[in-house]
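Visitor:
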Amino acid sequence: MLTAIADGVATTGALARRLGISSAAVSQHTAVLREAGLITTRRHHGNVLHNPTQTGLALLDRPYALPGGHVPTGLSRSSAPGGAAATRS
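Numbering-wise, my numbering puts 102 at position 37 of the sequence shown, and it's gapless, one number per residue.
1) For residue 104, does the three-state DSSP call read helix, strand or coil?
2) Can you tell me the Cα-Cα spacing of residue 96 and residue 75, whole angstroms?
3) Could you have a look at residue 110 and say whether DSSP puts it in helix, strand or coil?
4) Reducing DSSP to helix, strand and coil, say where residue 68 ends up.
5) According to the neighbour-count rule (16 or more other Cβ atoms, all chains shown, within 10 Å of its Cβ), is residue 85 buried or exposed?
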């Protein structure tokens, strides 16, 4: 979801359509991201707009790795930096 927000899909409805989940589920997820300081949310003409914070963008710029440099099973380290989605290996 954070990647979708960073990619410019900013309204709750657009996120729901893109991710194939309900608007209620998007609202729950964005609440957690907002509380973690990874996104900001504002209302504009009846729409709820979500934007990544600098912290959220920085998180997307890191490789998918666990402490000690271990990459989770099925993810390729080379595909994750720069906010790109991790690929299955």
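For glycine and all other residues, C-beta sits at the position ideal for the given N, C-alpha and C.
Guide: Per the coordinate set shown:
1) strand
2) 14 Å
3) Residue state, collapsed to three classes: coil.
4) helix
5) exposed
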